[in-house]
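Under full-length UniProt numbering, think of the first position of the sequence shown as 1, with each following residue one higher.
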Amino acid sequence: MTPTGRQKPLFPRTPSGHDPELRGAARHFGRRRFLTVTAAAAALAFATDLPAAGAASAAELDAARISDDPFTLGVASGDPLPDSVLLWTRLAPAPYQPDGGLAQQRVTVQWEVATDEYFILVVRRGTAQAHPEYNHTVHVDVGGLSPGREYYYRFRTGSWISETGRTRTAPATTAAASALTFAAVSCQAYHDGYFTAHRHLSEDDVDMVFHLGDYLYEYAVNSAGGARNYTDRKLPDLFNREARTLEEYRLRYALYKSDPDLRAVHAAHPFVVTWDDHETENNYAALIDEEGDPPEEFLLRRAAAYRAYWENQPLRSAQLPQGPDLQLYRRLQWGRLAQFDVLDTRQYRSDQAYGDTQHVPGPESDDPARTITGAAQERWLIDGWRASKALWNVMPQQVCFSQRKLDLNPKAMMSMDAWDGYRASRNRVLAGAKSAGIQNLMVLTGDAHVGYAFDIKDAFDDPASRTLGTEIVTTSVASGKDGVQRPATWDTYTRANPHLKFYDGRRGYVRVELGRESARADFRTVSAVTKPGAPITTAASFVTEAGNPGLKPA
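What follows is the structure, given as structure tokens:
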């Protein structure tokens with residue numbers, strides 16, 4: 001998120017879908033060019049697919065010949081199910097080179113999963129291929145595991161062994177789990193500071209971590225690492241430009257994942273990831289980019305960004321992109337304690353009204369046809385709530401869900417990039433929650449670069465209206481640099497939004513404990529990120545009771 005707006009796109013998109021603007025763009029550019037460009041977007045993804053079973057698209061490298069550590073970017077796990085978890089690594093002995101130092105050769109990688117960190121009791125093992133088509137990333141969906149159990153995992157190739165990762169499986173779907181502890185993080189601009197919050201989170205006792213977007217930023221990073229101000233190293237010039245191509249996005253992930261604090265937190269906990277805008281381009285909306293380029297041209301960039309995102313995250317093959325499309329929204333369960341409906345509010349949204357930053361809501365933003373989720377995802381969400389048997393229904397997503405007035409005027413400015421710019425969409429979602437009988441709704445949010453705690457109201461302009469749930473907004477890991485506890489907007493925001501129960505502008509993460517009787521949220525903050533090693537403290541804690549929504553100080 002940036003404070004600057006953008007020009008209106010050359011080809012405004014209708015609220016209901018993608019096809020009309022593509023057809024309009026086709027008419028403008030001519031059918032031949034349109035088909036050529038959109039075909040190129042599909043070719044970008046499909047041309048580098050894995051070969052068919054039994055075939056090899058590249059010569060195999062003898063792993064014994066790898067002379068430098070190939071596990072420079074660490075290990076990760078994600079999306080825990082009762083009987084399986086996804087394991088990830090990437091081979092890159094030279095991570096700041098486009099090919100990672102392995103050229104166009106595939107490499108055989110061994111993996112193993114054990115119940116102890118010394119790998120005495122190995123329960124699963126196997127091999128996988130690190131293909132150059134996927135930038136030598138490895139995704140292993142390990143099945144046959146026991147529910148609700150901690151495991152350790154590692155990879156091996158040639159004489160090299162990766163660091164050990166720790167992960168866990170979810171409880172059985174029908175299990176009456178009594179507790180779950182998770183963390184939420186977002187917005188880790190490398191050039192704005194160190195990932196100190198991740199180091200502290202790696203040492204925290206949580207079952208899993210939700211990353212709510214802006215895992216990386218497309219912006220240039222200079223040789224000093226921006227605000228990190230390196231004096232003992234110099235980053236290559238190839239990072240000092242905005243990422244636009246597949247190669248550039250892949251290299252940006254290499255830069256971020258080489259950070260030791262990010263490596264540590266991935267090795268410590270399984271992640272559930274979703275994106276926001278900066279994994280592709282600031283404030284984009286579906287096929288509309290910040291500069292208003294023709295949609296079919298933006299598809300090329302989006303296909304590259306989505307491809308690199310899947311390659312570098314612990315995601316299953318169900319999330320493998322198809323051209324410039326990737327279905328990231330998905331559902332996870334933690335026994336009957338919690339259901340997690342992970343949203344994507346970026347890929348399917350209508351273009352922001354009145355530009356993409358701040359405006360007083362009006363006819364354009366309140367058009368009932370506008371959507372932030374797309375119709376299919378909205379139906380999926382509400383249908384999932386109707387079928388839910390969980391005590392807590394948690395919605396991890398990207399941008400501020402609750403109403404957030406930005407001034408004290410009778411008609412206040414609001415963010416058109418957040419749900420305030422899509423109020424009809426929010427109303428439909430809340431109506432769906434009510435019709436489904438959801439009593440314990442919790443929304444997890446990133447993007448804002450500050451910590452918020454909101455009561456979700458039936459009518460936000462009426463403080464006495466029914467409280468429908470809780471929204472917990474995690475601050476950034478690094479974006480916005482050090483921040484301050486009480487930003488200049490603190491008094492205005494707290495007066496304008498009586499349902500806002502907490503506001504802190506420092507960096508950090510949120511730790512949430514779900515139980516059968518209540519949920520507790522701890523806002524964990526660090527004093528600085530422009531220098532490494534800052535301590536962490538708990539700025540505030542809140543609880544909400546099961547069956548009685550509303551935040552109270554702990």
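Backbone N, C-alpha and C define an ideal beta-carbon position, used for all residues, glycine too.
Rounded to whole angstroms, what's the CA-CA distance from V75 to S465? Just pull it up for me. As a first step, residue 75 is located in the sequence shown; it is residue number 75 there, counting from the start. As a first step, residue 465 is located in the sequence shown; it is residue number 465 there, counting from the start. Using only the alpha carbons, I get a separation of about 47 Å.
Going by DSSP, what residue range makes up the alpha helix (DSSP H) through R428? Along the sequence shown, one-based indexing puts residue 428 at 428. Unbroken alpha helix (DSSP H) run through R428: R423 to S435.
Where E471 sits in the DSSP three-state scheme: Numbered from 1 along the sequence shown, position 471 holds the residue referred to as residue 471. Here E471 sits in strand by DSSP.
Using the Cα positions of P236 and A227, report the straight-line distance between them to the nearest angstrom. As a working mapping, residue 236 is identified with position 236 in the sequence shown. As a working mapping, residue 227 is identified with position 227 in the sequence shown. Looking at the two C-alpha atoms, the distance is approximately 16 Å.
Limits of the beta strand (DSSP E) - the one that P321 falls within: The count along the sequence shown starts at 1 and reaches residue 321 at position 321. That residue, P321, is in no beta strand (DSSP E); it is neither H nor E in DSSP.
Supposed contact pair P98 and D69 - C-beta distance, whole angstroms, cut 8 Å: Along the sequence shown, read from residue 1 onward, the residue named residue 69 stands at position 69. Along the sequence shown, read from residue 1 onward, the residue named residue 98 stands at position 98. So it is not a contact: roughly 19 Å between Cβ atoms.
What is the DSSP secondary structure of A521, reduced to helix, strand or coil? Position 521 of the sequence shown, counted from the start, is the residue given in the question as residue 521. A521 sits in a strand when the DSSP states are folded into three classes.
The alpha helix (DSSP H) spanning H211 covers which residue range? Counting from 1 along the sequence shown, the entry for residue 211 is found at position 211. No alpha helix (DSSP H) contains H211, which is instead part of the beta strand (DSSP E) from M208 to H211.
Going by other Cβ atoms of all chains shown within 10 Å of its Cβ, with 16 needed for buried, is S77 buried or exposed? Taking the sequence shown and counting its residues from 1, one reaches residue 77 at position 77. The residue in question, S77, is buried, as its Cβ has 16 or more Cβ neighbours within 10 Å.
How would you call Y230, buried or exposed, if buried means at least 16 neighbouring beta carbons within 10 angstroms? As a first step, residue 230 must be located in the sequence shown, where it is residue number 230. Exposure of Y230 is indicated by the presence of fewer than 16 other C-beta atoms within 10 angstroms of its C-beta.
Could you tell me whether the Cβ atoms of H136 and L201 are closer together than 7 Å? Here residue 136 is taken as the residue at index 136 of the sequence shown, counted from 1. Here residue 201 is taken as the residue at index 201 of the sequence shown, counted from 1. With respect to L201, H136 sits apart: the two C-beta atoms are not nearer than 7 Å.
I need the boundaries of the beta strand (DSSP E) containing V123, first residue and last residue. The residue you call residue 123 lines up with position 123 of the sequence shown. For V123, the uninterrupted beta strand (DSSP E) run begins and ends at V122 to A130, by DSSP.
May I ask you to report which of helix, strand or coil DSSP gives G483? The count along the sequence shown starts at 1 and reaches residue 483 at position 483. Note: G483 maps to coil in three-state DSSP.
Alpha carbon to alpha carbon, how far is F46 from A369? Counting from one through the sequence shown, the residue named residue 46 turns up at place 46. Counting from one through the sequence shown, the residue named residue 369 turns up at place 369. Here the model assigns F46 a pLDDT of 38, short of 50, so the residue's position is not dependable, and the following value carries that caveat. Inter-residue distance for F46 and A369 is about 33 Å (C-alpha atoms, whole angstroms).
Closest by CA to V526, which one among R520, T474, P549 and Y134? The residue you call residue 526 lines up with position 526 of the sequence shown. Closest by C-alpha distance to V526, out of R520, T474, P549 and Y134, is T474.
Counted within 10 angstroms of its Cβ, other Cβ atoms place E290 as buried (16 or more) or exposed: Mapped onto the sequence shown, residue 290 falls at position 290. When all chains shown are included, E290 counts as buried.
Below 7 Å between beta carbons: does that hold for V529 and D482? Numbered from its first residue, the sequence shown carries residue 529 at position 529. Numbered from its first residue, the sequence shown carries residue 482 at position 482. At the C-beta level, V529 and D482 come within 7 Å of one another.
Cβ pair count under 8 Å reaching 3, the stretch 292-304 against the stretch 136-156: Judged by Cβ distances under 8 Å, the stretch 292-304 makes no contact with the stretch 136-156, as fewer than three pairs qualify.
Out of A478, D522 and G550, state which residue places its alpha-carbon closest to the alpha-carbon of H499. Along the sequence shown, one-based indexing puts residue 499 at 499. Checking every option, the nearest Cα to that of H499 belongs to G550.
Are the stretch 357-374 and the stretch 310-327 in contact at 8 Å, needing three or more beta carbon pairs? Between the stretch 357-374 and the stretch 310-327, the count of C-beta pairs closer than 8 Å stays below three; the two stretches do not touch.
Where I456 falls, given that 16 or more other Cβ within 10 Å makes a residue buried: Along the sequence shown, one-based indexing puts residue 456 at 456. Counting the other CB atoms within 10 Å of its CB gives I456 a total of 16 or more, which places it among the buried residues.
Rounded to a whole number of angstroms, what is the C-alpha to C-alpha distance between A418 and L238? In the sequence shown, residue 418 corresponds to position 418, counting from 1. In the sequence shown, residue 238 corresponds to position 238, counting from 1. Between A418 and L238, the C-alpha separation is close to 33 Å.
Which term fits V265, buried or exposed, when burial requires 16 or more other beta carbons within 10 angstroms of its beta carbon? Mapped onto the sequence shown, residue 265 falls at position 265. V265 is buried by the Cβ-count criterion.
For the stretch 439-454 against the stretch 493-507, do three or more pairs of beta-carbon atoms, one drawn from each stretch, fall closer than 8 Å, so that the two count as touching? Per the Cβ contact rule, the stretch 439-454 is in contact with the stretch 493-507 (3 or more Cβ pairs under 8 Å).
Given a cut-off of 7 Å, decide if V543 and A554 are closer than it, judged by their beta-carbon atoms. As a working mapping, residue 554 is identified with position 554 in the sequence shown. As a working mapping, residue 543 is identified with position 543 in the sequence shown. Contact: yes.
Helix, strand or coil: how does DSSP classify Y284 here? Locating residue 284 in the sequence shown gives position 284, where the first residue counts as 1. Residue state, collapsed to three classes: coil.
What residue from W111, A59 and G469 has the CA that sits closest to Q104's CA? Residue 104 sits at position 104 when you count from the first residue of the sequence shown. Distance check between Q104 and each of W111, A59 and G469 places A59 closest, using alpha-carbon atoms only.
State buried or exposed for E471, treating a residue as buried only when at least 16 other CB atoms are found within 10 Å of its CB. Mapped onto the sequence shown, residue 471 falls at position 471. With 16 or more Cβ atoms within 10 Å of its Cβ, E471 is classed as buried.
Residue burial classification, D547 (beta-carbon count within 10 angstroms, cutoff 16): In the sequence shown, counting from the first residue as 1, residue 547 sits at position 547. In the sequence under discussion, the amino acid at residue 547 is Gly, which differs from the Asp named in the question. The residue in question, G547, is exposed, as its Cβ has fewer than 16 Cβ neighbours within 10 Å.
Helix, strand or coil for D491, going by three-state DSSP, please let me know. Taking the first residue of the sequence shown as position 1, residue 491 is located at position 491. Under the three-state reduction of DSSP, D491 is assigned to helix.
Among residues of its own chain, excluding the 5 on either side of N240, which ones have a beta-carbon nearer than 8 Å to its beta-carbon? Walking along the sequence shown from the start, residue 240 turns up at place 240. Counting only Cβ-Cβ distances below 8 Å, and skipping sequence neighbours, we find A220, V221, N222 and S223.
Buried or exposed by the 16-neighbour rule on C-beta atoms within 10 Å, applied to T174: The count along the sequence shown starts at 1 and reaches residue 174 at position 174. The residue in question, T174, is exposed, as its Cβ has fewer than 16 Cβ neighbours within 10 Å.
With a cut-off of 8 Å on the beta carbons, I'd call Y153 and E112 a contact; round off their distance for me. For the purposes of this step, residue 153 is taken as the residue at position 153 of the sequence shown. For the purposes of this step, residue 112 is taken as the residue at position 112 of the sequence shown. Sure, about 7 Å apart at Cβ, within 8 Å.
Give the DSSP-derived three-state secondary structure of E545 in the structure shown. Taking the sequence shown and counting its residues from 1, the one referred to as residue 545 is at position 545. Looking at E545 - three-state DSSP - the assignment turns out to be strand.
Same chain, Cβ closer than 7 Å to P171, neighbours up to 5 away in sequence not counted: In the sequence shown, residue 171 corresponds to position 171, counting from 1. In its chain, beyond the 5 residues on either side, P82, P147, G148, A177, W334 and G335 have a beta carbon closer than 7 Å to the beta carbon of P171.
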